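Protein chains in written order, with this note's numbering: chain A, 1 to 299; chain B, 1 to 520. Using N, Cα and C, we set each Cβ at its ideal position, and we do this for glycine too. Source: prediction; values computed, not measured. Reading through the structure tokens given below for one structure.
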């Protein structure tokens, strides 16, 4: 048994911390809510690039406010001259709507800008997208539950699923805390997090089960620690390579992928953490022992 | 686990080389390659416009119910059954009253399965065209689920054809027009950065009719008040009797009227249309003939002579552009129902190019970081894992190319993520081998059991990600779907590259160097 780190000494401490984080995340999600982008809220998004550097965000905001679009938000988007404009669109069926905005902006700003991207999502589509996003995440959780149920005993399934919920809730909680935008790619990120977190937990559980068969005299509290340590270098190396890939998307992959890669980075971090500090303590508190897996084998 | 037969080595090499070749064919610009497929770029990468259109079925369904009243009347009259008080309710029910003694017979007719002419039976769905309820001699009919499907299908097909004609007329580059669901149509227009003209054209039903304006009260057929498109007059009373409709048009072109110097639209009628137009204009000299498009009067000239040539002219307050568009709409025919644009996403070409550049930069940097990290961590086995990783990337892109999958920006992110996660399998195996070596002196045995014992963890790890990718594929749309495709295909190429390529290289290396101490 290799140079052991006593992870199990901190089970209690980190459980309390996780519990507080989940509690805070739920509070945030309930009371502050998520900052849904046009994909899920409906409305219009325009990515605009100014070619004249003297145009400031204030200029832009003032000229947009003159057009009477309702509640318009303007913010910087990556590079200095790129801006993201969002508003809830009213007359959805006017096909010239975008052109009208463009010509009105030309009157006040001159011909010094271009629309790089325009997205219009009607209320019907956005509510459908939201619904299918929620269904997709629920389905993936259910699929994982079934998968691990088939692969392991129920104590393991419970541990893995609680760890999954932990990761998803805290990631969403952080998005709520910093008002980061939730769009379609974030749903993709959350699903990938679910897969990744599960993967990480399963690798450790696989080892726990193997060790349970091997050592009948070691208690699960100690045994989980052995298993975590034995798989630790794999856990670290895989997290590092995945994070290397994700950070390169975050820093070099352009603005559009920022939210996606950030969600994934958080997910990898919490996924790795929860495999050790959520999934394993649950095995301990459920008093998993050699009998647990032997009983299952007899059935 | 370390043994490979010659035939297996041969197959692995051929398979890998084939996909490397396909991968490379993306970058070679040559026509004489025997394989010339290229990966499709999504609209978010090549720039272009995505429009989701919804067909407004409601008025058509009401109209269909309305149209079925005469056939009901006629059919039951022949059977000597008296029905009365036909009406269409707000919530789309066809309602009629019957006599007490006829109720049973009517029900029998409506429920018949063989040769039911009035309420068609679809054996395939085990359902009738209409569902009905009867209460106090009052029948309430509505289209059944399958009756509605039939109507919606027909509408969707017709709308698709008309949209295709209109889009083709504009001549955009390789448009992609497909049905979605029962009442929606997706229009993808690569390379188009300002879709306003197309949106304008698709937003018009283009129902054209020629009808007389009523000055006195001579009309018995019914009339309605319509407004003028250009506001030159406020409104006029127009007969409901349609002399000509858009269906009778065989051609329409914008042109310049030599006398007035105005832009006009010239049209040509088919034989039936020409005859009817000739007859109507002969009788109607001195009257005003309204040209009505989508419920608005475009113009209403006074008929001076009988027009028997089968061609005519529409004047109005046209610019050359609007005349061109009107001619286009008339040529391509009317939509069966109004369309609403419920989603639009347009990406300009330079943003697309920027996204490609950023995606490729992130891919190369992420790739290099992972490669160096693996060499740093595992030395010679790092190089083996890296070789597998590079070939994995070739396989992944090769397969996407072979199946002509669409690569989107999130799809590129999926590839980068695959790069990061693909090494996991090799890491699991190498770490396991290291552990095995602690208790095993024979290196060959340790390598063998390392591969064997890590197998379940590797498979588990990949199945979980695959499950997420599959769900995303079925639930996601557009660019996100592209992500699920690369992630999902990436799992298979990863397993191949780990268990065939990396294992083959490992076996060659280990067998050659089995005398050396501490291989890994």
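Within-7 Å CB hit, residue i to chain A
| i | result |
| --- | --- |
| residue 410(B) | yes |
| residue 532(B) | Past the boundaries of the shown model lies residue 532(B); chain B is included only from 1 to 520, so the question cannot be answered. |
| residue 464(B) | yes |
| residue 137(B) | no |
| residue 426(B) | no |
| residue 472(B) | yes |
| residue 345(B) | yes |
| residue 256(B) | no |
| residue 55(B) | no |
| residue 199(B) | yes |
| residue 314(B) | no |
| residue 238(B) | no |
| residue 348(B) | yes |
| residue 231(B) | no |
7 Å Cβ cutoff, residue i in contact with chain B
| i | result |
| --- | --- |
| residue 257(A) | yes |
| residue 194(A) | yes |
| residue 313(A) | Residue coverage of chain A in this structure runs from 1 to 299, which leaves residue 313(A) outside it and unanswerable. |
| residue 82(A) | no |
| residue 206(A) | yes |
| residue 118(A) | yes |
| residue 234(A) | yes |
| residue 199(A) | yes |
| residue 248(A) | yes |
| residue 185(A) | yes |
| residue 267(A) | no |
| residue 7(A) | no |
| residue 124(A) | yes |
| residue 228(A) | no |
| residue 1(A) | For residue 1(A), the predicted structure reports a pLDDT of 48, less than 50, and the residue's modelled location is therefore unreliable. A value from the coordinates is still provided. Chain B, which has no Cβ nearer than 7 Å to the Cβ of residue 1(A), makes this no. |
One or two residues paired with residue i in a DSSP bridge
| i | result |
| --- | --- |
| residue 321(B) | In the DSSP output, where bridge partners are listed per residue, residue 321(B) has none listed. |
| residue 190(B) | 48(B) |
| residue 254(B) | 265(B) |
| residue 122(B) | 127(B) |
| residue 128(A) | Partner(s): none; residue 128(A) has no beta bridge. |
| residue 54(B) | 184(B) and 340(B) |
| residue 43(A) | 121(A) |
| residue 292(B) | 209(B) and 297(B) |
| residue 313(B) | 266(B) |
| residue 49(A) | 82(A) and 114(A) |
| residue 347(B) | 117(A) and 48(B) |
| residue 133(B) | 140(B) |
| residue 491(B) | DSSP, once it has assigned bridges, lists no residue as partnering residue 491(B). |
Status (buried if at least 16 other CB within 10 Å, exposed otherwise) for residue i
| i | result |
| --- | --- |
| residue 189(B) | buried |
| residue 175(B) | buried |
| residue 362(B) | buried |
| residue 256(B) | exposed |
| residue 3(B) | exposed |
| residue 368(B) | exposed |
| residue 209(A) | buried |
| residue 357(B) | exposed |
| residue 452(B) | exposed |
| residue 298(A) | With a pLDDT of 49 at residue 298(A), under the threshold of 50, the predicted position of this residue should be treated as unreliable, and no value is reported. |
| residue 135(B) | exposed |
| residue 567(B) | This structure leaves residue 567(B) out entirely; chain B is present only between 1 and 520. |
Closer than 8 Å at the beta carbon, the chain C residues around residue i
| i | result |
| --- | --- |
| residue 244(A) | The chain labelled as chain C is not found among the protein chains of the depicted structure, namely A and B. |
Check distances from the C-beta atoms of the stretch 158-183 of chain A to those of chain B and list, in chain order, the residues that come in under 8 Å. Here the close residues number zero.
Please name the residues in the stretch 165-196 of chain B whose beta-carbon is closer than 9 Å to at least one beta-carbon of chain A, in chain order. Taken in chain order, the members of the stretch 165-196 of chain B whose beta-carbon sits within less than 9 Å of a beta-carbon on chain A are 193, 194, 195 and 196.
Is there contact here, the stretch 138-158 of chain A with the stretch 431-442 of chain B, by at least three beta-carbon pairs under 8 Å? The stretch 138-158 of chain A vs the stretch 431-442 of chain B: no contact.
At a CB distance below 8 Å, what residues from the stretch 127-158 of chain A approach chain B? Give them in sequence order. From the stretch 127-158 of chain A, only 129, 132, 133, 135, 136, 139, 140, 143, 144, 147 and 151 have a Cβ closer than 8 Å to chain B.
Should the stretch 7-24 of chain B be called in touch with the stretch 145-153 of chain B, which here means at least 3 C-beta pairs below 8 Å? As far as the Cβ criterion goes, the stretch 7-24 of chain B does not touch the stretch 145-153 of chain B, which means the pair count is below three.
With a threshold of 8 Å, are at least 3 pairs of Cβ atoms found where one atom belongs to the stretch 65-76 of chain A and the other to the stretch 22-29 of chain A? As far as the Cβ criterion goes, the stretch 65-76 of chain A does not touch the stretch 22-29 of chain A, which means the pair count is below three.
Taking contact to mean at least 3 C-beta pairs separated by less than 8 Å, is the stretch 96-111 of chain A in contact with the stretch 135-144 of chain A? Not touching, per the Cβ criterion.
Is the number of C-beta pairs between the stretch 253-268 of chain B and the stretch 316-333 of chain B that are closer than 8 Å three or more? Remark: three or more beta-carbon pairs, one from each stretch, lie closer than 8 Å, so the stretch 253-268 of chain B and the stretch 316-333 of chain B are flagged as touching.
Is the stretch 421-430 of chain B touching the stretch 232-243 of chain A in the sense that three or more CB pairs, one from each, lie closer than 8 Å? These segments touch.
Would you check if there are 3 or more beta carbon pairs closer than 8 Å linking the stretch 69-87 of chain B to the stretch 194-208 of chain B? The way I'd put it, the stretch 69-87 of chain B doesn't touch the stretch 194-208 of chain B; fewer than three beta-carbon pairs between them come closer than 8 Å.
Taking three-plus beta-carbon pairs below 8 Å as touching, is the stretch 174-190 of chain A in contact with the stretch 258-273 of chain A? Touching, yes.
Determine, using beta-carbon pairs with one atom in the stretch 151-166 of chain B and one in the stretch 180-199 of chain B, whether at least three such pairs fall under 8 Å. Flag = yes, the stretch 151-166 of chain B and the stretch 180-199 of chain B touch.
Contacting positions in the stretch 27-60 of chain A - beta carbon closer than 8 Å to chain B: Within the stretch 27-60 of chain A, the residues whose Cβ lies closer than 8 Å to any Cβ of chain B are, in chain order, 47.
Whether or not the stretch 48-62 of chain A and the stretch 73-85 of chain A are in contact is what I'm after, with contact meaning three or more pairs of Cβ atoms, one per stretch, closer than 8 Å; do they touch? When C-beta atoms of the stretch 73-85 of chain A are compared with those of the stretch 48-62 of chain A, three or more pairs fall below 8 Å, so the two segments count as touching.
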